[in-house]
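> In this text, residue positions in the sequence shown follow UniProt numbering: the first is 1, and each later residue adds one. Even glycine gets a Cβ: it sits at the ideal position worked out from N, Cα and C. Predicted model only: the values in this text are computed from it and were never measured.
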Amino acid sequence: MPKKQPGPVFTIQPATPAKPGWWQAHRHQVLATVALIVGFLLGQNNTNAPAATNTPPAHTAPADSTSPSTP
């Protein structure tokens, strides 16, 4: 009886994913840096705040002493 020839040997090799491109690997760093720069520029260019004024209050008369005080 002749020897049986072994069949082809199949090995399962997981497919390695392709290496990501530069943008895919670094996009989170680029977007975070851009967001920080834009936030800084928006914060620096805000000149719409009113100037601080030292004005006295509108009423200068003392409180009426005949009215009952509230607890």
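Return helix, strand or coil for G7, following the three-state DSSP convention.
In the structure shown, G7 sits in coil (DSSP, three-state: anything other than H, G, I, E or B).
> Alpha carbon to alpha carbon, what distance is there between Q29 and T60?
About 58 Å.
> In whole angstroms, what is the alpha-carbon distance linking A52 and L42?
The alpha-carbon atoms of A52 and L42 are separated by roughly 21 Å.
> Which residues in the same chain as T16 place their Cβ atom closer than 6 Å to its Cβ, once the five residues preceding and following it in sequence are excluded?
Same-chain partners within the cutoff: there are none.
> Measure the C-alpha to C-alpha separation of residue 127 and A63 and round it to an integer number of angstroms.
Given a span of 1 to 71 for the chain in the structure shown, any question on residue 127 remains unanswerable.
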